[in-house]
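Peer 1: Positions 1256 to 1332 (this note's numbering) are the ones given, in order, by the sequence shown. In this text, a Cβ means the ideal position worked out from N, Cα and C, and glycines have one as well. As the structure is a computational prediction, the values presented were derived from the model and not from experiment. Below you'll find the structure I mean.
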Amino acid sequence: MPVLESTPQPTLWIEGLTPEEIEELTKPQPQEANEVDRLGSEMVTRELEALELRQQNEAQGAQIVGLELRLLSLENS
1256 MPVLESTPQP TLWIEGLTPE EIEELTKPQP QEANEVDRLG SEMVTRELEA LELRQQNEAQ
1316 GAQIVGLELR LLSLENS
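Here's what the structure looks like:
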């Protein structure tokens, strides 16, 4: 019987880290916000606050008009 010679096999890599550790090391790292990003975020927050105040102002204005109309109708009755 002839002896079969096997071709040399490459050395296998053995990982020393768990899959969880590898995932933690390879996930994207958060970058610190630079000054422009921070100011932009702050500006958006202020714009949203201003929008909310405008909406509240409109709602209160509508309530005032409704109350004034009720007063006028009571005065004219």
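Expressed to the nearest angstrom, what Euclidean distance is found between the alpha-carbon atoms of glutamate 1275 and glutamine 1318?
Peer 2: About 58 angstroms.
Peer 1: Could you check the C-alpha separation between proline 1283 and valine 1291 for me, to the nearest Å?
Peer 2: The straight-line gap from Cα to Cα measures roughly 21 angstroms.
Peer 1: Looking at the secondary structure, which residues open and close the alpha helix (DSSP H) in which isoleucine 1269 lies?
Peer 2: Element bounds for isoleucine 1269: n/a, residue is neither H nor E.
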